[in-house]
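Residue numbers (our numbering): 10 to 283.
Virtual Cβ for every residue (Gly too), placed ideally from N, Cα, C.
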Amino acid sequence: MHAFICTACGMQYPPSERPPAACTICTEERQFVPITGQGWTTLEALAAGRFNAWRQHEPGLLGVGTQPAFAIGQRALLLSTPAGNVLWDCISLIDEATVTLIKGLGGLEAIAISHPHFYTSLVEWSRAFGGVPVHLHADDERWIMRPDPCIELWRGETLELLPGVTLVRGGGHFPGGAMLHWAAGAEGRGVVLSSDIATVAMDRKSFSFMRSYPNLIPLSAAGVRAIGAALAPFAFDRVYGHFFDRVVPTGAKAVLEASVERYVAALGGAYDRG
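In structure tokens:
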């Protein structure tokens with residue numbers, strides 16, 4: 010049996026003789042089934058034609074993403090702290106080289122994932138590091154496609170994973186959509202790993218917010234303001250999004266505040282006249 014992986018979103022399903030009839034994630038309005046139809050692969054097939062590439066973003070923060078790009082194409086982040094290492098978000102491909110590198114850096118204390126589109130092969134990642142806990146927000150429990158004892162559901166608005174490392178529920182994209190605040194990042198000025206809960210825009214000078222990015226479904230004004238309010242108590246100067254180059258390098262808190270106001274103004278018709 011194989012634990013089949015959706016080629017559109019990267020979600021891995023429980024082992025079975027045949028692929029599922031459809032991907033539950035992709036048939037929902039926030040994702041999509043490609044025009045070519047539903048596709049499936051396996052971890053073994055994925056590893057045969059791809060590899061994971063690494064990039065250091067700053068001291069203590071490494072990005073890892075699959076090349077050639079697969080499914081949504083996000084990269085995960087390996088955060089190193091004196092209290093242990095945390096993997097933020099997941100990618101579908103986990104191979105021997107990736108495991109060896111992370112173990113050489115001290116292994117993993119925990120895994121935390123922002124939202125269901127990036128759950129991917131979370132069970133494989135946990136097992137490769139001795140069954141470390143994978144923290145998912147309870148509000149998104151229904152989207153867990155491969156249940157496993159490694160999964161720990163957290164509730165409420167914040168969860169301190171390690172000293173200076175805090176999960177923050179922003180909602181928005183999914184009800185349990187989470188971000189990670191790293192107090193020591195950016196030379197002590199603070200960093201947020203926002204995934205696509207607050208998406209770093211292409212200009213790297215602003216953020217945007219959506220219910221569905223591929224299907225262009227916007228968030229409500231209340232949903233956008235909730236994301237801004239969730240991060241308001243935290244000090245941060247830099248934000249890393251869900252792709253390698255989606256980074257707001259400095260002044261990110263003010264940029265987020267301005268982006269929230271711009272988005273809400275747009276919903277209210279502020280730009281209708283051009």
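message: For Gly-250, tell me which candidate among Pro-68, Val-132, Ala-210 has the shortest Cα-Cα distance.
response: Ala-210
query: In three-state terms, what does DSSP make of Leu-114?
result: coil
- request: Measure the C-alpha to C-alpha separation of Thr-107 and Asn-61 and round it to an integer number of angstroms.
  value: 7 Å
message: Rounding to the nearest angstrom, what Cα-Cα distance links Leu-114 and Thr-90 in this structure?
response: 11 Å
message: Just verifying my parser: in three-state terms, what is the DSSP assignment at Gly-237?
response: helix
query: Under the three-state reduction of DSSP, which class applies to Val-141: helix, strand or coil?
result: coil
- request: Within its chain, find whatever has a CB closer than 6 Å to the CB of Asp-149; leave out the 5 residues flanking it on each side and keep chain order.
  value: Pro-125, Phe-183, Gly-185
field: Host beta strand (DSSP E) of Ala-121 (start-end)
entry: 119-121
task: Kindly identify the DSSP beta-bridge partner or partners of Asn-61.
output: Thr-75
CB of Thr-167 within 8 Å of CB of Val-177, strictly: yes
field: Validate contact between the region 192-202 and the region 232-251 using beta carbons, cut 8 Å, 3 pairs
entry: yes
query: Are Ser-123 and Gln-21 closer than 8 Å when you measure CB to CB?
result: no
field: Chain-order list of residues whose beta-carbon lies under 7 Å from that of Glu-38 (same chain, five-residue window excluded)
entry: Ser-221, Asn-224, Ile-226
message: Closest to Gly-197 by C-alpha separation, out of Ala-244, Leu-171, Phe-127, would be which residue?
response: Ala-244
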